[in-house]
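Novice:
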Amino acid sequence: MQGNTRWSKKITERYPEIAEGIRIPYEGGECTTIEQTSSYWTARGKESRTKQLNVIYIREETENKDKTTYSMLEKIKKETIKEYEDKEVIIIPLEGVETTKIRKMAEIILSDAKTVRIKTTGKSRNGKPNEGNNEEVFLVEGGKSTYSETLKRLKEKITEKGELEVIRNVKRTAKGDMIIRMKEGSTVVKEKVKEILEEGQKMRVAGQTSIVFITDLDETATKEEVEESVIETGAIQSKDLLTVKTLRVNRYGRQTATVSMWKDDARRIAEKQVVRIGMNLCRTRERREVERCYRCWEYGHIAKTCQGIDRSKDCTRCAKKGHGWRECEGEQYCPICDEEGHRVGSGGCKAFRDALKRAIEAENVG
30 MQGNTRWSKK
40 ITERYPEIAE
50 GIRIPYEGGE
60 CTTIEQTSSY
70 WTARGKESRT
80 KQLNVIYIRE
90 ETENKDKTTY
100 SMLEKIKKET
110 IKEYEDKEVI
120 IIPLEGVETT
130 KIRKMAEIIL
140 SDAKTVRIKT
150 TGKSRNGKPN
160 EGNNEEVFLV
170 EGGKSTYSET
180 LKRLKEKITE
190 KGELEVIRNV
200 KRTAKGDMII
210 RMKEGSTVVK
220 EKVKEILEEG
230 QKMRVAGQTS
240 IVFITDLDET
250 ATKEEVEESV
260 IETGAIQSKD
270 LLTVKTLRVN
280 RYGRQTATVS
290 MWKDDARRIA
300 EKQVVRIGMN
310 LCRTRERREV
320 ERCYRCWEYG
330 HIAKTCQGID
340 RSKDCTRCAK
350 KGHGWRECEG
360 EQYCPICDEE
370 GHRVGSGGCK
380 AFRDALKRAI
390 EAENVG
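Here my numbering is used: the first residue of the sequence shown is 30, the next is one more, and so on.
1) Let me check understanding here. Comparing Cα to Cα, which of L180, E170, K204, E253 lies closest to N198?
2) In the structure shown, what three-state DSSP assignment does T345 receive?
3) Would R312 and D245 be called neighbours here (beta carbons separated by less than 8 Å)?
4) How is A250 classed by DSSP in three states: helix, strand or coil?
5) Is W326 helix, strand or coil when you go by DSSP?
6) Opposite K200 in the DSSP bridges: which residues?
7) Are the stretch 326-341 and the stretch 257-276 touching, with three or more C-beta to C-beta distances below 8 Å?
8) Please classify S267 as buried or exposed, where buried requires at least 16 neighbouring CB atoms within 10 angstroms.
9) Can the beta-carbon of S289 be found less than 8 Å from the beta-carbon of T251?
10) Between the alpha carbons of K186 and A286, how many angstroms are there, rounded?
11) When DSSP builds the beta bridges, which residues end up paired with Y281?
12) Between which two residues does the alpha helix (DSSP H) holding T179 run?
13) Excluding the 5 residues preceding and the 5 following T345 in the sequence, name in chain order all residues of the same chain whose CB lies nearer than 7 Å to its CB.
14) Tell me whether the beta-carbon of G282 lies closer than 8 Å to the beta-carbon of E228.
15) For a test of the three-state rule: what should DSSP assign to G376, helix, strand or coil?
16) Throw me the rounded Cβ distance for the I196 and V241 pair, which I believe falls under 8 Å.
17) Near V217, what residues of its chain come up, given a Cβ to Cβ distance below 6 Å and the 5 sequence neighbours on each side ignored?
18) What separation, rounded to the nearest whole angstrom, lies between the Cα atoms of I306 and V255?
19) Could you tell me if T98 is buried or exposed, where buried requires 16 or more neighbouring beta carbons within 10 angstroms of its beta carbon?
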């Protein structure tokens, strides 16, 4: 399977039988017939059921995606008409083709099929696929070129209307680097951006990220399973920024996932309150950031305006000088609370909890 690789990977993970099925190529894509066996429990015990699925991949990028989709469905129906009678059909469409349009095409062309399902990453509030709204954020940095010089080369390189529509925003950072926001999966435009880079310049994924905690995972849940489940909610627009950092087991055997993602994605996931991961509905909570000075370690201001004690080179574990927390062998001590037994900014820090409470109250008022 080539072309629409993200769809191919997702569908083969969902239906591993496809890897063993016979794929029939068509102009614009391919189709596969597979058998799926599912098990379930009844009063008589464990039983199984096998059904035949016809999977249609539409993966050829053309200017008129709707026409490509319609033509391929017509060819498949004409050449394999008996294969689709009274059977379930799965259609994996091109990006940018609305689900409603595909469904109408299928109703006309594949009217003999038992059911037709369309695999997408979820729907937006207006009922259309979220795929077209997905966004990638890139940072162009380094080199001797100024921001203006880099921008000029970018404008000279990307001139086609379709390519310009892919780019949603270009702006300058405080350091003089370039931030580019574009539609997800825009391989051609990304390659053109790389072509304008001079010696010393590099392009990397960027974005302001936030942390989301997902609790109540069972003890067998994996990072891959968490990531896939989060993506399937349809709330993730910057998949490249999504990282499951840790899985921690509590004393009851449940796990908590710490997930880093783009801040707007974090807000959407937190608003859902729960995400299904495996057999569990798992709670979601975004980590709130509390303003803290990294010079004096106090809360409510930043280092630029700090007039307090300079602790920037002290160990954040024991608050002593001469070493960092990684090498620290001393006892934990918080100079803000003037207490032993916890480090500054930890969950046991009263100063941190008070600052967090004020931040939440201010957020609710706002």
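Just so you know, even glycine gets a beta-carbon here, dropped at the ideal spot from N, CA and C. In this text, all values refer to a predicted model and were calculated from it rather than measured experimentally.
Specialist: On the basis of the data shown:
1) L180
2) coil
3) yes
4) coil
5) coil
6) I208
7) no
8) buried
9) no
10) 42 Å
11) Y281 is not bridged to any residue.
12) 176-186
13) W354, R372, V373
14) no
15) coil
16) With 8 Å as the limit, I196 and V241 do not qualify as a contact, their Cβ atoms being about 28 Å apart.
17) none
18) 6 Å
19) buried
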